[in-house]
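These notes are about the structure you will find just below.
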């Protein structure tokens, strides 16, 4: 039996106070197993990103509990949350979100730096990861000197730097051309095959269909759950 | 980038002001101390309780008693005493160019005289020579302002009816110090011959260390009073107390100067804070990303604090360099306004202390002024920050 990496219990995210309260996410229960490959789809404003932010510990639910690797993150303080984000989760954003002043290598090394990894190990691992995403020739390039697809692959390398158990990708192919998008998905699927849990938010049905499990979110509720 | 440069310049100017004003203060301190300590290692021992009034005259012998050779020997034996000389003082009638006036006569050994007045500028002529008789040296005032005509080297003055040749004239005494302007200086031998007195009216001595002067003066008084069996036979006067007062005044002045310069630094630190706050705003997204990939609040804070520290310490180092030049310029201006005698020109002195202080202060300023922006950056919610465009 595979273990649960993420469990959510009745999580809701609300803004404002009743009666003007708005539910961004309502009573969501999820069990995500180690090695899952999940696609989340839904129209804009349906709560996909809210869910991702909650799963990624960037945000806290208004009610309910989230367990990541068995620990209840709602009870954790800021420092412990930072540790979860650093060690358990790798985030990939639609807009890459690389640090513009750092080159590819330094961007990948950054999160390892926050984890306290020594600089030699850091550089070695970052080079390995960039090789894996086929960017060995771009080590010293700044984000502005790379294409969208390349930047996103740097972001993937960065997300994998601290060997997290969960990769959260928020529309990773949203800003790149089809060919690059295909490349990115292939890398993510490779990573998944090695046992990593992948959660991808997407608008693209073709991409969503490749996942092992599909969640459709609408109006803050999880409507379908195909396995 | 140019913003950081301007911020850096602010710090540099503040530090420059502090460094150059401290250098100036230190220079002043040293100049005055140097000038005074050339006198303040001197102790003058006179008889009577009244103390000592003027350099050239003095030696009140109203009680009719004089120092003995034993007194002199005792003083010589005291620890810390460098050299002891005696001075014979009296007054006499001097006549030149038909005008007669009373002058103070000072007699001392020629070797001592050379030492005593070594630092004094001579207007003309030279010191008295060993073995020569009936030669005198006179002060500027005697040469130019006492008689109807100016006296020049080789001039002949009658003192108590005896002829004396002027061998040297002292230059005009500058401001401060004791005046040699009304000096009529002759050898001890001539003095005794002329006045019939061989009594020591005054003992001069120099000490090795200015700081010991006060305690040595006290023990001299005790020793001589003991010798004569009188409670207040001798009075030993030092310049140390004057030196102390002047030093403390300059110390306060220095403090005030630095305090004024610090205002520049306060303004500069507000500049750093402003720059850092702007930088935090601009980098909101970056901060969010770093938090999303696992940076703690402390990580974020230290990034900004280190940045602030870097800007201010580089500014500080530039400020120190500018301060070195600034202090030179400042003293040049001051020197041209206060045309003091050649010996008392100000030179800026940059001490290690002031450099260390400047570096420390600029680092502290950097840390303090980036503390608030750093804290603001750290408490940003990662989600807000990532969304920020």
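Residue numbers (the numbering used here), protein chains in the order written: chain A, 1235 to 1461; chain B, 2 to 390. No residue lacks a Cβ here, since even glycine has one placed at the ideal position from N, Cα and C. Note that the structure is predicted; figures quoted are calculated from it, not measured.
- Nearest in C-alpha terms to residue 336 of chain B, of all of B:25, B:263, B:45, B:361, is B:25.
- Under the 10 Å beta carbon count, residue 1322 of chain A is surrounded by 16 or more other beta carbons and is classified as buried.
- Minimum Cα-Cα distance from residue 231 of chain B among the listed residues B:20, B:17, B:18, B:67 corresponds to B:67.
- Residue-level contact by beta carbon holds for residue 1293 of chain A and chain B, with a gap shorter than 7 Å.
- For residue 281 of chain B, the closest alpha carbon among the candidates B:251, B:303, B:34, B:100 is that of B:303.
- Contact between residue 171 of chain B and residue 97 of chain B does not hold, since their C-beta atoms are separated by about 17 Å, which reaches or exceeds 8 Å.
- Chain-order list of chain B residues neighbouring residue 1326 of chain A: empty, with the shortest C-beta distance near 10 Å, by a criterion of under 9 Å.
- Residues of the stretch 294 to 319 of chain B with a Cβ closer than 9 Å to any Cβ of chain A, in chain order: 294, 295, 296, 297, 298, 299, 300.
- Residues of the stretch 1345 to 1356 of chain A with a C-beta atom less than 7 Å from some C-beta of chain B are 1345, 1348, 1349, listed in chain order.
- Looking only at A:1432, A:1383, A:1400, the smallest Cα-Cα distance to residue 1413 of chain A is reached by A:1383.
- Out of A:1285, A:1427, A:1408, the CA that lies nearest to the CA of residue 1439 of chain A is found in A:1408.
- Residue 256 of chain B is classed as exposed because its beta carbon has fewer than 16 other beta carbons within 10 Å across all chains shown.
- Chain B has a Cβ within less than 7 Å of the Cβ of residue 1333 of chain A.
- In the structure shown, the three-state DSSP call for residue 1446 of chain A is coil.
- Within the same chain, and ignoring the five residues on either side of residue 173 of chain B in sequence, the residues whose Cβ sits closer than 6 Å to its Cβ are 141.
- When C-beta atoms of the stretch 7 to 25 of chain B are compared with those of the stretch 259 to 272 of chain B, three or more pairs fall below 8 Å, so the two segments count as touching.
- Residues of the same chain with a CB within less than 7 Å of the CB of residue 1375 of chain A, apart from the 5 flanking positions on each side, are 1337, 1338 in chain order.
- In this structure, DSSP gives residue 235 of chain B an extended state, which the three-state scheme calls strand.
- In the three-state DSSP reduction, residue 338 of chain B falls in the helix class (H, G or I).
- When 9 Å is used as the limit between beta carbons, residue 283 of chain B is near no residue of chain A, the shortest such separation being about 11 Å.
- Burial state of residue 262 of chain B is buried, judged by a 10 Å Cβ sphere holding 16 or more other Cβ atoms.
- A residue is called buried once 16 or more other Cβ atoms fall within 10 Å of its Cβ, and residue 1405 of chain A is buried on that count.
- Selection B:139, B:29, B:28, B:160 evaluated against residue 122 of chain B yields B:139 as nearest (Cα-Cα).
- At a cut-off of 7 Å between beta-carbon atoms, residue 287 of chain B makes contact with chain A.
- Flagged as an interface residue toward chain B: residue 1312 of chain A, by a C-beta distance shorter than 7 Å.
- Under the 8 Å Cβ criterion, the stretch 280 to 295 of chain B counts as touching the stretch 364 to 383 of chain B, having at least three qualifying pairs.
- If you look at residue 369 of chain B, you'll find it in the alpha helix (DSSP H) that goes 353 to 379.
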